[in-house]
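J.:
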Amino acid sequence: MDCVTTGGNVKVLAKAIHSLSKIGEELYLEPVEDGLTLRAVNSSRSAFACFLLSPLFFQRYQAPSDHAFRCKMPIKSMQAVFRSLSSLERSVEKCRIELNSEKNRLTVTLHCKHGLLKTHNLSFQDCESLQAVFDKENCANVLRAQPRLWVDTVLHFPPSLEEVNVSVNGERVWLRNHLEDDADPSRAMMTELCLSAEEFDHFAVRSESNITFCLKELRGLLVFAESSGLPVSMHFDEPGSPVVLSVSDSVLDANFVLATLSEDAHQRNHNNNKADRREAQPAADDFMSDDMDSYLIAMEASDLPGDLPGPSHESVPPVPQSSTNHRARLPSEEEEEEEEEQVNQPPNKKFCSLFFGSVLPASSQLTNQTIQGQEVLASDSDNEKQEE
Amino acid sequence: MKFRAKINDVGCLNHFTRVVNTITKLTKTCVLRLTVDNMYFVLSGKVANGGVSMWCELLQVNFFEEYQLEGVSADANEICLEVAPENLSRALKTAQNAKSVKIKLTKKHGPCLTLAAELPSLSSINRIVTHDIPVDIIPKRLWHDFKEPTVPDFDVSIYLPPLKTMKSVVDRMKNLSNYLVVEANMNGEMNLKIETDLVSVTTHFKDLGNPPWGDNASQSQSQSRDAEAMAHARVDIRKLQQFLMGQQVNPNKSMCNIVDKRIIHLILLQEDVSLQYFIPAVA
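As you go down the protein sequences, you meet chains A and B in turn. First residue of the first sequence? That's 1 in our numbering, and the numbers climb one at a time after it. First residue of the second sequence? That's 389 in our numbering, and the numbers climb one at a time after it.
#1: So, with DSSP's three-state summary, where would you put residue 670(B)?
#2: Would you report the Cα separation of residue 164(A) and residue 391(B), rounded to the nearest angstrom?
#3: Closer than 8 angstroms, CB to CB, is residue 234(A) near chain B or not?
#4: How far does the alpha helix (DSSP H) with residue 235(A) in it reach, from first residue to last?
#5: Relative to the C-alpha of residue 84(A), which residue among 17(A), 57(A), 114(A) is closest?
#6: Let me see if you follow: with CB-CB separation under 8 angstroms, is residue 475(B) close to chain A or not?
#7: Alpha carbons only, please: which of 2(A), 219(A), 9(A), 261(A) is nearest the one belonging to residue 29(A)?
#8: Can you tell me the Cα-Cα spacing of residue 179(A) and residue 645(B), whole angstroms?
#9: So for residue 12(A), helix, strand or coil by DSSP?
#10: Just list the residues that DSSP pairs residue 578(B) with in beta bridges.
#11: Taking only the alpha-carbon atoms, compute the straight-line gap between residue 95(A) and residue 228(A) and give it to the nearest angstrom.
#12: Could you compute how far the alpha carbon of residue 158(A) sits from the alpha carbon of residue 503(B)?
#13: Ignore the nearest five residues each way along the sequence and tell me which others in residue 524(B)'s own chain have a CB closer than 6 angstroms to its CB.
#14: Within 8 angstroms (strictly less), CB to CB, does residue 441(B) reach chain A?
#15: Please list, in chain order, the residues of the segment 497-516 of chain B that have any C-beta partner in chain A closer than 7 angstroms.
#16: Can you say whether residue 341(B) is buried or exposed, counting buried as having 16 or more other CB atoms within 10 angstroms of its CB?
#17: Give me the Cα-Cα distance between residue 134(A) and residue 257(A), rounded to the nearest whole angstrom.
#18: Per DSSP, what kind of secondary structure is residue 124(A) in: helix, strand or coil?
#19: What are the boundary residues of the beta strand (DSSP E) that includes residue 109(A)?
#20: Helix, strand or coil: which one does DSSP assign to residue 364(B)?
#21: So residue 225(A) contacts chain B; which residues on that side make the cut at Cβ distance below 9 angstroms?
#22: Among 578(B), 627(B), 640(B), which one has its Cα closest to the Cα of residue 620(B)?
#23: Considering residue 392(B), what are the terminal residues of the alpha helix (DSSP H) in which it resides?
#24: By Cβ distance, which residues of its chain are closer than 7 angstroms to residue 628(B), with the 5 residues on each side in sequence left out?
#25: Report the neighbours of residue 482(B) on chain A: residues whose CB is nearer than 8 angstroms to its CB, in chain order.
#26: Here's the rule I'm using: 16 or more other beta-carbon atoms within 10 Å means buried, otherwise exposed. How should residue 479(B) be labelled?
#27: Would you tell me roughly how many angstroms separate the C-alpha atoms of residue 332(A) and residue 208(A), rounded to the nearest one?
#28: Give me the Cα-Cα distance between residue 560(B) and residue 553(B), rounded to the nearest whole angstrom.
#29: Please return the same chain residues whose Cβ sits closer than 8 angstroms to the Cβ of residue 488(B), not counting the five positions on each side in sequence.
#30: If we define contact as Cβ-Cβ less than 8 angstroms, is residue 398(B) a contact residue for chain A?
Structure representation (structure tokens):
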């Protein structure tokens, strides 16, 4: 394997790595025919990011002939190579990444001004391919905006905020801070930002919905998007299915797939009956947890994708019937819902782990334990090294 | 009880934000008193604060274009709330370039101060950001704790040196000792002193001037006082440092009243806002 990046693309590569470091601690690197993929996943498997740098991104791109090279390494070691972004810009002319099979090292060489050569020999581990299952194209809702809009939006929330809730209807989108289950709503400061569809480059909402995901990971993508100036798209469906944030141009494609909170936790937090709100708040779904389980099981039964990067196609199970009902429900029914919610059982918070091709039980605690024992993979149908 | 106020002017908004930021640096929680003419941030001296108390008074009309208040009752036309100023700061921080900011008393999961800012946007429809800040309503029977403090019978009253200078002196002294002595006389001289087993350091300020206090009883007391005689109070240095650290409002006048061995009373005055801060002396 031999890839050479020059000029401004060195900084883009560096930014991609820094952005991935916000997701997970290990960098998964895999050169394929379509380009070089750089991936990361977080420890609870609820966030996954993938950068695909096409051969055109590079001055020279040579994938290993057997197409079987995959490795992972601590992301800190790669970050150390690209540490100072400003000095990268000023002094690095060329960056070469090649596989040294004899010494079993990945050699990253920075060709700098004045003939200075910085060579880093990084050790790596072999690994299985890492690919989350997601279907961007079939998501009901797509929003796309310049990174500046997303950055300005995220500014309204404190850096310590873990989770943010996004809800949409045909004309507006609301972002709110999400309270932890055990937080007392009468003691917590609530922030809500309302943006109109006009501020977005593209705003297509086919199904009013309300999702909650981790803000930190969105910030991770914005680190990259802001410097690239490329518009950021957000694809999502109903709570529980992952939200996909992506950035792309002719030579690169980045996807951040984040799990969203499933339904129960929503009703408690986002059914506020705010009398003086001007716009109607979209009503929450009324999925029962039973339906969530069957949804997960249905996903498991569908065909697994191959190990190529990019959106994978799978048969999306039919959307459970209650969602058509909920669309017809209007805010006037909010009061009823509030009463109902008080009677409900305590919310069961679960970030569904992204579906990586193995059966995942619904509760997040269980999931963590199970994952430790399992290797996460979506592998070739003819690869015999499957571990489960 | 009803409260609604609106700021339309960006200068007023920035000024209000700076005042709130100053309060945030001084205390984690305080009482907000709202009357028809004024807004007060009050911290009453309790053991929990180390006896420190604060009184900040804003003339409402200089900040808000619209201001409507309906107090607890007709004869007690004011509202008293307990709030964490940091929440207010955070809410105001993101509204700095807003076209307008509305503050309202509302009820969400509990009583809240709701701040709604209309932000400029890329389209014809403005962005609205709303913050609901939880507050506690203070019942009327407890209001006596939060009355305007009376100016104590001070022994010396003196104008302060520039706060930045004081701050850098105090910052360095903090490394050497936990207690600092503030002393001053009616001759415009002030000293900041620390004394430990190993070292003693004094910073002298001269020609500061003494504020004229009109027909105050204390005035006559201090008039009969020897102009050279120093009144002093030994205070916890961190409290003085905290006061100096957070200052974001540039006062027109800043002064200090000292009651010998009892308390120092710091006063910062500006056109629309005044801040008083009391630090008790320690033995």
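Note that beta-carbon positions come from the ideal geometry of N, C-alpha and C, so glycine has one too.
T.: From the atom records:
#1: Looking at residue 670(B) - three-state DSSP - the assignment turns out to be coil, as it is neither helix nor strand.
#2: Cα to Cα, the separation comes out at about 30 angstroms.
#3: Chain B, which has no Cβ nearer than 8 angstroms to the Cβ of residue 234(A), makes this no.
#4: Per DSSP, residue 235(A) lies in no alpha helix (DSSP H); the unbroken beta strand (DSSP E) holding it starts and ends at 232-236.
#5: Considering only 17(A), 57(A), 114(A), the residue with the shortest C-alpha distance to residue 84(A) is 17(A).
#6: Output row for residue 475(B): interface = yes.
#7: The shortest CA-to-CA distance from residue 29(A) to any of 2(A), 219(A), 9(A), 261(A) is the one to 2(A).
#8: In this structure, the CA atom of residue 179(A) is about 46 angstroms from the CA atom of residue 645(B).
#9: In the displayed model, residue 12(A) falls within a helix according to three-state DSSP.
#10: BP columns for residue 578(B) point to 572(B), 593(B).
#11: Cα-Cα distance, rounded: 19 angstroms.
#12: Residue 158(A) and residue 503(B): Cα-Cα distance of roughly 16 angstroms.
#13: These residues qualify, in order along the chain: 470.
#14: Not an interface residue.
#15: Here the close residues are 497, 498, 509, 510, 511, 512, 513, 515, 516.
#16: There is no way to answer for residue 341(B), as the model of chain B reaches only from 389 to 671.
#17: C-alpha separation (whole angstroms): 8 angstroms.
#18: Judged by DSSP in its simplified three-state form, residue 124(A) adopts coil rather than helix or strand.
#19: Note, residue 109(A): beta strand (DSSP E), 105-112.
#20: Given that chain B is displayed from residue 389 to residue 671, the structure contains no residue 364(B) and the question cannot be resolved.
#21: Listed along chain B is no residue with a C-beta nearer than 9 angstroms to that of residue 225(A); the closest approach is about 16 angstroms.
#22: Among 578(B), 627(B), 640(B), the Cα nearest to that of residue 620(B) is on 578(B).
#23: Where residue 392(B) is concerned, there is no enclosing alpha helix (DSSP H), although the beta strand (DSSP E) it sits in stretches over 390-395.
#24: Close CB contacts of residue 628(B) within its chain, under the 7 angstroms cut and outside five residues either way in sequence, are with 558, 568, 667 (chain order).
#25: Under the 8 angstroms cutoff, chain A gives 155, 156.
#26: Burial call: buried.
#27: Low confidence applies to residue 332(A): its pLDDT is 31, below 50, so where it sits in the model is not reliable enough to give any reading.
#28: Distance from the CA atom of residue 560(B) to the CA atom of residue 553(B), rounded to whole angstroms, is 11 angstroms.
#29: Closer than 8 angstroms at Cβ, skipping near neighbours: 394, 395, 396, 505, 506.
#30: No, its Cβ sits nowhere closer than 8 angstroms to a Cβ of chain A.
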